[in-house]
Structure formats: C-alpha cells, structure tokens
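Below is one structure, written out as structure tokens, with a few remarks after it.
Number of protein chains: 2
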Amino acid sequence: MVRNKQVTLRDYVNGVPKESDMIVLSSDKSVVALPQGSNAVVVKNLYLSCDPYMRHLMTKSTEAHVILNSYSPGSVIRGHGVGKVMDSGHPKFKTGDFVWGITGWEEYSLITTPEALFKIEHTDDVVPLHYYTGILGMPGMAAYIGFYKIGAPKKGEYVFVSAASGAVGQLVGQFAKLMGCYVVGSASTKQKFDLLKNKFGFDAAFNYKEEDDLDAALKRYLPQGIDIYFDNVGGKMLDNVLLNMRNHGRIVVSGMISEYNLEQPDGLKNTMCLVYKRVRMEGFFVHDYYPLYPEFFDTMLSYIREGKILYVEDISQGLESGPSSFIGLFTGRNVGKQIVAVARE
Amino acid sequence: MVRNKQVTLRDYVNGVPKESDMIVLSSDKSVVALPQGSNAVVVKNLYLSCDPYMRHLMTKSTEAHVILNSYSPGSVIRGHGVGKVMDSGHPKFKTGDFVWGITGWEEYSLITTPEALFKIEHTDDVVPLHYYTGILGMPGMAAYIGFYKIGAPKKGEYVFVSAASGAVGQLVGQFAKLMGCYVVGSASTKQKFDLLKNKFGFDAAFNYKEEDDLDAALKRYLPQGIDIYFDNVGGKMLDNVLLNMRNHGRIVVSGMISEYNLEQPDGLKNTMCLVYKRVRMEGFFVHDYYPLYPEFFDTMLSYIREGKILYVEDISQGLESGPSSFIGLFTGRNVGKQIVAVARE
Numbered sequence: 017m018v019r020n021k022q023v024t025l026r027d028y029v030n031g032v033p034k035e036s037d038m039i040v041l042s043s044d045k046s047v048v049a050l051p052q053g054s055n056a057v058v059v060k061n062l063y064l065s066c067d068p069y070m071r072h073l074m075t076k077s078t079e080a081h082v083i084l085n086s087y088s089p090g091s092v093i094r095g096h097g098v099g100k101v102m103d104s105g106h107p108k109f110k111t112g113d114f115v116w117g118i119t120g121w122e123e124y125s126l127i128t129t130p131e132a133l134f135k136i137e138h139t140d141d142v143v144p145l146h147y148y149t150g151i152l153g154m155p156g157m158a159a160y161i162g163f164y165k166i167g168a169p170k171k172g173e174y175v176f177v178s179a180a181s182g183a184v185g186q187l188v189g190q191f192a193k194l195m196g197c198y199v200v201g202s203a204s205t206k207q208k209f210d211l212l213k214n215k216f217g218f219d220a221a222f223n224y225k226e227e228d229d230l231d232a233a234l235k236r237y238l239p240q241g242i243d244i245y246f247d248n249v250g251g252k253m254l255d256n257v258l259l260n261m262r263n264h265g266r267i268v269v270s271g272m273i274s275e276y277n278l279e280q281p282d283g284l285k286n287t288m289c290l291v292y293k294r295v296r297m298e299g300f301f302v303h304d305y306y307p308l309y310p311e312f313f314d315t316m317l318s319y320i321r322e323g324k325i326l327y328v329e330d331i332s333q334g335l336e337s338g339p340s341s342f343i344g345l346f347t348g349r350n351v352g353k354q355i356v357a358v359a360r361e
Numbered sequence: 017m018v019r020n021k022q023v024t025l026r027d028y029v030n031g032v033p034k035e036s037d038m039i040v041l042s043s044d045k046s047v048v049a050l051p052q053g054s055n056a057v058v059v060k061n062l063y064l065s066c067d068p069y070m071r072h073l074m075t076k077s078t079e080a081h082v083i084l085n086s087y088s089p090g091s092v093i094r095g096h097g098v099g100k101v102m103d104s105g106h107p108k109f110k111t112g113d114f115v116w117g118i119t120g121w122e123e124y125s126l127i128t129t130p131e132a133l134f135k136i137e138h139t140d141d142v143v144p145l146h147y148y149t150g151i152l153g154m155p156g157m158a159a160y161i162g163f164y165k166i167g168a169p170k171k172g173e174y175v176f177v178s179a180a181s182g183a184v185g186q187l188v189g190q191f192a193k194l195m196g197c198y199v200v201g202s203a204s205t206k207q208k209f210d211l212l213k214n215k216f217g218f219d220a221a222f223n224y225k226e227e228d229d230l231d232a233a234l235k236r237y238l239p240q241g242i243d244i245y246f247d248n249v250g251g252k253m254l255d256n257v258l259l260n261m262r263n264h265g266r267i268v269v270s271g272m273i274s275e276y277n278l279e280q281p282d283g284l285k286n287t288m289c290l291v292y293k294r295v296r297m298e299g300f301f302v303h304d305y306y307p308l309y310p311e312f313f314d315t316m317l318s319y320i321r322e323g324k325i326l327y328v329e330d331i332s333q334g335l336e337s338g339p340s341s342f343i344g345l346f347t348g349r350n351v352g353k354q355i356v357a358v359a360r361e
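Chains as they are written, first to last, in our numbering: chain E, 17 to 361; chain D, 17 to 361.
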C-alpha cells in the first residue's frame, strides 16, 4: 500500500485565501490499485496548475456552485494537472501514458471519468511536460479561444490585457502582436512590467498599483481607445475600460480575479457605454471549445518551435508548496504561469 | 413671416427631469424660407417621438456627450419625428413629401442634413403617419434588430423583456411569440400588465413594483432561466437577470432607463455570471443598421397588415404637451409608445 499525500480544503473560505485554508496530509487509503472491472484510471500527478478560478470553488453557496462543482470542506482540492497513467481500465489509456486534465491535489488520483483527460502525444526539449498545465493546456486554450474566437481581432486594432504577465495574459499579448495589433498590458510589479515590454513585446505596459486614476492611465497609454479588452481581473479596471472602449469594441471576459475574494463586488457603473459604443462583452468557458483543441495545438506548437511565442512559468517544488503557491496568485507573487511540481516522472 | 413655436432646454438636468426643465416659446426667426443655394429642407413637424435616450442628452459632460451630440442650454430639443416637406433644396425631397428622422421640437425645422431623413412612401388606413415615430420608425427598428440580429433567437427559447409595454418592448414580446419563444415581460402598472397578457400575448407578466425580490420573481416566472434578456432598463433588474441567465444566453442592451436619472448608478455586481454562463451582453445603435431598413419595413408591414403585430400608442396633443409627455416616460405614465401630435398635416 502506498500512502497518498493530499491537499484538502479545511473549510469554506471568506475573503482572501490563506495558506491555512488548506491542509496537507497523508491518506493511508491507497488508490494505486484500480477497482475490479472499473474503467477508471490511476494517475500519478506530476505537475499541478494553480488557477484563479479555483478560488471560487472554495466559496460556499455562490452561483458558481450551481455550475461548477465546488469543493466541500475536507475534500481534496481539484484542478488541472499533468500526470502519468499508473493503471488503466479505459481503452483510451495504458500504463505509462502521460495525460492532462482535471485531477486532484495529491500524489495519486483515481480518475473515474477518464474520457475528459487529454492524452499527451508530444514532448521534447522545447515542449516540456509541464507546458500542458499552461501554454499547451487550459490557459493556453483560453488565451487562444478568447482572443481569436471571442475577440475577433483585426490587424491594427488596439488591444488591452489585464494581468498581462499571467498564465493567459502573456499569450494574449503575443497573439495580438502576431496579429499586427497595438497591445498594452497592465501588471502589478516592475519585474512584470519589464517582462511585458522586453520579453513579450507589448507596445506599452503599466503598473496599475502605481496609477491612482485608471481612466487617466488608460487614456495615456491608449489615447485612441480600446478595440479589444481581454479581461482577467474585472472590478474597477473593467469599469474604467468601459469608458475607454472604441465603437464596436469587444470585451472578452476570461476571469475577474480582483473580485473573487470580495463578498460584495464594487459593481460596474459604466454599463451604458455598452450601448453608446455598441460594445459586445462576452464570457466563455474554454471547455466548450475543446473540440478545437487540435487546431489550437497545431498552431501553438508551430509558434513555440518557431520561437514566435515565449512562455514564462513559476514552478514551485513539492505538493507541500501548493497552498502557498495558490494563495500567491491573489497577491500577484507569481511571475508567469504558477505550477506546482509534485514529481518528476 | 411665420412665428415658430419651440421647446428648448432651460439648463442641464440633474436627476429626474421636470416639466420646467424645458421651455415652450415662440421664435420670430422664420425658418420656412430656405436659404439661397442650400440643399437643406424645411419640414413642418407633425408628430414628435418621446424617447428615453433624449434624457441623456440633457446631462452635462457624460460619456454620452462625446458620442451623441447633447443639447446645450437654450437650444431646441432634438429628437425623432414625422414631418412634411415645405421646401426643399435637396434632390431627394420635394414639397409635400412626408419624412421621418431627427428633427427639432418646434413647429418648423430647417434640416441641414436631409440625407439622414427617410422618405415615407406608404400610409393608409392601417398605417397612419405617426407609425413612423414607432412601429415603423426608430423604436420598431430597434426591436427588430435587437431581437433578431443581436438576440439571435431560436424557437422554444425563454425570453424576458423589461419595460415590456413600451415603444420597443411590446414589439419584442410579439416577435418572440411569432418565433415560438416563451416570453415574460415586466411593467409598472396593472393596466400595462393586462396589455402584455391580453393584447400582446406574453406568456406571463409581472409588475416589478410589486416585487420586493426581483431574483425570486424571475425564478417564479422563468424557472428554467432566461435565454434572451431584452434590456430596456438596466440597473437592479439587469443585475438580477444575470443570476437567472441560462448557459450561452444573450443580453441585448437596448436601453437603461432606470439609470438615466441617477448621478451614480447602482453598479452591476453579478458580472461573473457572464463567465459561468457564457453570456454575451451586447449594446447596439439602431442607426448602424439603417441599411437594413427595407428588410425591416417589408417584414413589419406584412405583420401589421396580417394583424400579427399590434401597436399601442399614447398620443398627446400639441407641442405644449411635449415636456409633460417626455417626463412621463420616467414615471411610467405613458401606456405604449409616447407621441406628441404637433399638427395634423
């Protein structure tokens, strides 16, 4: 029997999550043995993905609970990850396969709906396994679908991205440059500002924490206004962006990290701009677009190989680092995509 | 020389507009004579349209001023209307033609951009001239474009319309029934409730003023949720609708009358529902779609002739009734499309 280290939710979370909201413990219930006749798979988790949406699943009785399956106190945290198949009762997978998809924050997971897992067909020197938590996984797909399919960009348009050095934002900015757009990003530190300007090729960037007046900042960096806003933060930034949208602009609502810890969001006041400026504001679930994964994968793999797209990751070591890595998302501590490395193989 | 009675704006308006915010006076500056060599037209105004958006043009220094041309204190109120051409320097129009479009709240208007006017080609017993302020004019076109083009309805979907007995709402509800949707409307009085249920064929209706909890009301009347919300009011209703949207729903933002008189809107708090429910929220300007007017006109004229669409109007008599008719929009006094009859021909 193998003991299985796990990260569980202590209790529903109010406000900003703390490390102590999660507990790391060892379960003596082995999952490495597959139940007789099951079509489940047993996965050894290698890399776990820290994603802002997980914060929502820690809150009791929000609308999120109806649509996403929230965590319950005492249960293992669920999220996206990359793993290795240890045993399989499913014809699609065999022992030794690498997979990515929804798994548990634990060393080994029994996955009872393996149909939802993606088999990883490709890794090499420039495509490490952990890319499937980010650039080639859910966040990469979110950037791709959100920018190209929801944003419907045209060459020469003005694009603004918030949380621009994050798992999704850094890709959106680079897509925008490849499309021939003018792109501005906001982030929270000098280091991230430098990444945006010098590594990802954003035309301009600003540190929103240094701006008292976001409306003025947006008017300074995007005097012509904004055709596409890729929104990762919601809240005050979104409200000020509304004032700066151009006619027929699009707001791609990918996430609203600034609001996840608030019991009562600030509230969006400039919604009449949607009418005056004929703006389309649209949310999406990347999961709805998974049938397009092959198209996305081929495009992204070419971009990676040709060096057209770079990706910055922030990898913490060991399952024990999970809680602190996760809460770091909400203080902006991570630089790039936050990953927890659980095991090397 | 003909004296020209006019309605002017006294000063910028704060809060709920009052009759005294507008002044009815007689100008001794004749406009009936066309300037030599001008390609303008002189129009005798017959019917003027009271539309909620006009309230916005009475406010100083909002975003609206940048995009719409707001009124300035002392100037004649502008709005949509139906008139008769008295003199024309433009090849498209001749004396005696009937037209609709943007005109002044006065007996005679000199219209210097007559290209923007629509010539009225058709009137008869079932299509009176004043229909071009409503069902066959801008509000009718807004209902048509908003519902069919922005809402993208499908048979069997659940549709909710606010301000449902108004100039636009009553048409949206009837379009939804013709499309085979289930449609619920909200309005402010028993009389309007009866119209929705008994005249326009809404499946259900409620008086929002009698509901303490709009979320509960929406869940009661639309337990399956809402696929299309045709929003004429914004504010609290919109925020509660967000909680009740179905996945992949559409919010057509036509207007936000509940917010026009507020210095500080309440603020939309449930915006995360846009993501969870993959909702598209889209504002539009009917003017952008005027190239589709012939398609709209043919459709609507058939509906009117076949008795498939009814239209309720509230016509006040005389230019002097303009200010009180206009402010009645904001207390819900009007029943159906509010029109001011200035002259019969």
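Ideal Cβ placement from N, Cα and C applies to all residues, glycine included.
Where residue i meets chain E, residues with beta-carbon distance less than 7 Å
i, result
"residue 284/D", "283, 284 and 287"
"residue 304/D", "294"
"residue 9/D", "It is not possible to answer for residue 9/D, since the shown part of chain D is limited to 17 through 361."
Beta-carbon gap between residue i and residue j smaller than 7 Å
i, j, result
"residue 187/E", "residue 232/E", "no"
"residue 59/D", "residue 101/D", "yes"
"residue 73/D", "residue 359/D", "no"
"residue 248/D", "residue 179/D", "yes"
"residue 98/E", "residue 121/E", "no"
"residue 284/D", "residue 283/E", "yes"
"residue 223/D", "residue 246/D", "no"
"residue 242/E", "residue 266/E", "no"
"residue 175/E", "residue 109/E", "no"
"residue 344/E", "residue 328/E", "no"
"residue 54/E", "residue 96/E", "no"
"residue 302/E", "residue 157/E", "yes"
"residue 149/E", "residue 355/E", "yes"
"residue 182/D", "residue 270/D", "no"
"residue 45/E", "residue 123/E", "no"
"residue 31/D", "residue 214/D", "no"
"residue 336/E", "residue 92/E", "no"
"residue 238/D", "residue 256/D", "no"
First and last residue of the uninterrupted beta strand (DSSP E) at residue i
i, result
"residue 320/E", "Taken as a continuous stretch (DSSP letters only), residue 320/E belongs to no beta strand (DSSP E), being part of the alpha helix (DSSP H) at 309 to 321."
"residue 297/E", "296 to 299"
"residue 176/E", "174 to 177"
"residue 355/E", "353 to 357"
"residue 220/D", "220 to 223"
"residue 201/D", "198 to 203"
"residue 125/E", "124 to 127"
"residue 114/E", "114 to 120"
Where residue i meets chain E, residues with beta-carbon distance less than 8 Å
i, result
"residue 291/D", "269, 270, 271, 272, 299, 300 and 301"
Residue i CB to nearest heavy atom of the ligand PLP below 6 Å
i, result
"residue 20/D", "Ligands are entirely absent from the displayed structure, and the ligand PLP is therefore not among its contents."
Proximal chain D residues relative to residue i, where beta-carbon distance stays under 8 Å
i, result
"residue 250/E", "287 and 288"
CB contact check: residue i to chain B, cutoff 7 Å
i, result
"residue 296/D", "Of the protein chains in this structure, namely E and D, none is chain B."
Partner residues on chain D for residue i, Cβ-Cβ distance less than 9 Å
i, result
"residue 280/E", "285"
Residue i - containing alpha helix (DSSP H), residue span
i, result
"residue 193/E", "185 to 194"
"residue 235/E", "230 to 237"
"residue 102/E", "First-last for residue 102/E: 94 to 104, but that is the beta strand (DSSP E), not the alpha helix (DSSP H)."
"residue 207/E", "206 to 210"
"residue 343/D", "338 to 344"
"residue 160/D", "154 to 160"
**Request:** Output the residue ranges of the alpha helix (DSSP H) runs that lie fully inside the segment 248 to 289 of chain D and measure 4 residues or longer, sorted by chain position.
**Result:** Listed in chain order, the complete alpha helix (DSSP H) runs (minimum 4 residues) inside the segment 248 to 289 of chain D are 251 to 259.
**Message:** Quick check: the segment 332 to 341 of chain D against the segment 307 to 325 of chain E, are at least 3 beta-carbon pairs closer than 8 Å?
**Reply:** Contact fails between the segment 307 to 325 of chain E and the segment 332 to 341 of chain D, because fewer than three Cβ pairs, one in each stretch, are under 8 Å apart.
**Request:** Please determine if the segment 255 to 268 of chain E and the segment 295 to 303 of chain E are in contact, where contact requires at least 3 C-beta pairs separated by less than 8 Å.
**Result:** Touching, yes.
**Message:** So within the segment 40 to 70 of chain D, which uninterrupted beta strand (DSSP E) runs reach at least 3 residues, ignoring any that extend past its ends?
**Reply:** The qualifying runs are 57 to 65.
**Prompt:** Can we say the segment 163 to 170 of chain E touches the segment 27 to 40 of chain D, given the rule of at least three CB pairs closer than 8 Å?
**Reply:** Flag = no, the segment 163 to 170 of chain E and the segment 27 to 40 of chain D do not touch.
**Asked** Per the contact definition of three or more C-beta pairs closer than 8 Å, is the segment 191 to 208 of chain E in contact with the segment 299 to 314 of chain E?
**Response** Contact between the segment 299 to 314 of chain E and the segment 191 to 208 of chain E is absent: fewer than 3 CB-CB pairs across the two stretches fall below 8 Å.
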